[in-house]
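Here the structure is laid out as structure tokens; the discussion comes afterwards.
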Amino acid sequence: MVQVIAHRGARSIAPENTLAAAKIAYQTGADLWETDINATCDGQLVLFHDETLLRCTNVLSRFPSRPSYLVKDFSLEDIQSLDAGSYFVDTDPFGQISAGSVTKKALSSFKRETIPTLEQGLLFTKKMNWKVNLELKDYSPVSKDLLVPDKTLDMIYHTRISLNRVVISSFNHDWLKIVMKKEPDIEVQALVGENDTDPLDFGDWAFSTYNVNAGLIDTEMINQLKARDKKINLFTVNDPKAFSRFASQGVDGIITDFPQLFAAGS
Numbered sequence: 055m056v057q058v059i060a061h062r063g064a065r066s067i068a069p070e071n072t073l074a075a076a077k078i079a080y081q082t083g084a085d086l087w088e089t090d091i092n093a094t095c096d097g098q099l100v101l102f103h104d105e106t107l108l109r110c111t112n113v114l115s116r117f118p119s120r121p122s123y124l125v126k127d128f129s130l131e132d133i134q135s136l137d138a139g140s141y142f143v144d145t146d147p148f149g150q151i152s153a154g155s156v157t158k159k160a161l162s163s164f165k166r167e168t169i170p171t172l173e174q175g176l177l178f179t180k181k182m183n184w185k186v187n188l189e190l191k192d193y194s195p196v197s198k199d200l201l202v203p204d205k206t207l208d209m210i211y212h213t214r215i216s217l218n219r220v221v222i223s224s225f226n227h228d229w230l231k232i233v234m235k236k237e238p239d240i241e242v243q244a245l246v247g248e249n250d251t252d253p254l255d256f257g258d259w260a261f262s263t264y265n266v267n268a269g270l271i272d273t274e275m276i277n278q279l280k281a282r283d284k285k286i287n288l289f290t291v292n293d294p295k296a297f298s299r300f301a302s303q304g305v306d307g308i309i310t311d312f313p314q315l316f317a318a319g320s
């Protein structure tokens, strides 16, 4: 069976990378959820995808005169004061509110969502006896003293979550090699295909699992990966026909914004 991986939680029906999105993804029956690790100016790790806070928060109205809206230029205290849910209600990014797929009660609760810390995300995953894929975002370390892989491992150990409940992925393959060396009991997955137009580059084939841009892969490449005994997860697949086609071709996992369409519990 192909694994259903909830991309940034159930982001089509909840604000991405919030605990609400994680909870809803869990309720759909997704096998695990995927989220993003980003660093603040005071060296804390938060669950947030973008390099800036502009798309998914009210940072402009909360801090109208800031010279920068990069995540790395904000403290954890300032970041956790932001509203990370209202944008979803206001913009309906996947058209699921207008389609009637989100209840009024849920919409009301989203306006209280904040940006979670990595600790909060891990503790939620541990509490639910679930699994999480942590994508390490490389927006350059905020200082020589902060290395995102090390900080991530430290928090995993701090929360005492079972190591088999955590996957670490990244487009920065050097970071993944650091994780592999320091903690071989944590699975790593190499992301490939960040740019939608460049050819896929698998580098030195050092990893057992590759998370590949679904828009760039074809049947021949899937077969080549399988011939090398590699596991394959594809991002981001939202169309049911594409999901079925890739599943029939033997991929191991599908990263989707719509776990509610594909997960066994849905």
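Numbering (our numbering), first residue to last: 55 to 320.
Note that beta-carbon positions come from the ideal geometry of N, C-alpha and C, so glycine has one too.
Determine the burial state of residue i: buried for a count of at least 16 other Cβ atoms within 10 Å of its Cβ, exposed for fewer.
{"i": "glutamate 274", "result": "exposed"}
{"i": "tryptophan 87", "result": "buried"}
{"i": "serine 119", "result": "exposed"}
{"i": "serine 66", "result": "buried"}
{"i": "glycine 63", "result": "buried"}
{"i": "alanine 318", "result": "exposed"}
{"i": "glutamate 189", "result": "buried"}
{"i": "histidine 61", "result": "buried"}
{"i": "aspartate 250", "result": "exposed"}
{"i": "serine 129", "result": "exposed"}
{"i": "threonine 157", "result": "exposed"}
{"i": "serine 298", "result": "exposed"}
{"i": "serine 302", "result": "exposed"}
{"i": "aspartate 85", "result": "buried"}
{"i": "glutamine 278", "result": "exposed"}
Express the C-alpha separation of residue j and residue i in angstroms, rounding to a whole number.
{"i": "valine 143", "j": "tryptophan 259", "result": "42 Å"}
{"i": "threonine 290", "j": "asparagine 226", "result": "19 Å"}
{"i": "phenylalanine 148", "j": "arginine 109", "result": "14 Å"}
{"i": "lysine 285", "j": "phenylalanine 117", "result": "44 Å"}
{"i": "proline 253", "j": "isoleucine 308", "result": "20 Å"}
{"i": "lysine 77", "j": "lysine 280", "result": "33 Å"}
{"i": "proline 121", "j": "isoleucine 169", "result": "21 Å"}
{"i": "isoleucine 215", "j": "leucine 177", "result": "7 Å"}
{"i": "glutamine 243", "j": "serine 262", "result": "7 Å"}
{"i": "phenylalanine 300", "j": "glycine 139", "result": "32 Å"}
{"i": "glutamine 134", "j": "lysine 181", "result": "22 Å"}
{"i": "isoleucine 276", "j": "valine 186", "result": "24 Å"}
{"i": "glutamine 174", "j": "glycine 154", "result": "30 Å"}
{"i": "serine 163", "j": "glutamine 81", "result": "16 Å"}
{"i": "tyrosine 264", "j": "glycine 257", "result": "11 Å"}
{"i": "serine 224", "j": "lysine 159", "result": "35 Å"}
{"i": "threonine 179", "j": "aspartate 272", "result": "33 Å"}
{"i": "methionine 55", "j": "glutamine 150", "result": "27 Å"}
{"i": "lysine 235", "j": "glycine 304", "result": "29 Å"}
Are the CB atoms of residue i and residue j nearer to each other than 9 Å?
{"i": "glutamate 167", "j": "threonine 72", "result": "yes"}
{"i": "leucine 172", "j": "methionine 209", "result": "yes"}
{"i": "phenylalanine 312", "j": "asparagine 287", "result": "no"}
{"i": "proline 203", "j": "tryptophan 184", "result": "no"}
{"i": "lysine 205", "j": "leucine 99", "result": "yes"}
{"i": "asparagine 112", "j": "aspartate 137", "result": "yes"}
{"i": "aspartate 306", "j": "glutamine 57", "result": "yes"}
{"i": "threonine 213", "j": "isoleucine 59", "result": "no"}
{"i": "lysine 191", "j": "histidine 103", "result": "yes"}
Taking only beta-carbon atoms, is residue i less than 9 Å away from chain B?
{"i": "threonine 168", "result": "Any reference to chain B falls outside this structure, which holds one protein chain only."}
Tell me which same chain residues have a C-beta within less than 8 Å of the C-beta of residue i, skipping the five on either side of it?
{"i": "leucine 114", "result": "Leu108, Tyr123"}
{"i": "aspartate 146", "result": "Ser152"}
{"i": "asparagine 267", "result": "Val246, Gly247, Glu248, Asp250, Leu254, Leu288, Phe289"}
{"i": "tyrosine 322", "result": "Nothing can be reported for residue 322: it is not among the residues displayed for the chain, which extend from 55 to 320."}
{"i": "alanine 296", "result": "Ala268"}
Residues in its own chain within less than 7 Å of residue i by CB, not counting five upstream and five downstream?
{"i": "alanine 75", "result": "Arg62, Gly63, Ala64, Arg65, Ala68, Pro69"}
{"i": "isoleucine 240", "result": "Leu217, Val220, Ile222, Val233"}
{"i": "leucine 315", "result": "Pro294"}
{"i": "aspartate 96", "result": "Ser129, Leu130"}
{"i": "threonine 79", "result": "The residue you asked about is not threonine; residue 79 is alanine in the sequence shown. Here the set comprises Ala60, Gly63, Ala64, Trp87, Pro313."}
Grab me the residues of residue i's own chain with a C-beta within less than 6 Å of its C-beta, minus the 5 sequence neighbours each way, in chain order.
{"i": "tyrosine 211", "result": "none"}
{"i": "threonine 106", "result": "Tyr123, Leu124"}
{"i": "lysine 231", "result": "none"}
{"i": "tyrosine 141", "result": "Cys110"}
{"i": "leucine 270", "result": "Gly247, Leu254"}
{"i": "glutamate 237", "result": "Leu207"}
Can you find a heavy atom of the ligand FMN that lies under 8 Å from the Cβ of residue i?
{"i": "aspartate 208", "result": "The ligand FMN is not part of the structure shown, which contains no ligands of any sort."}
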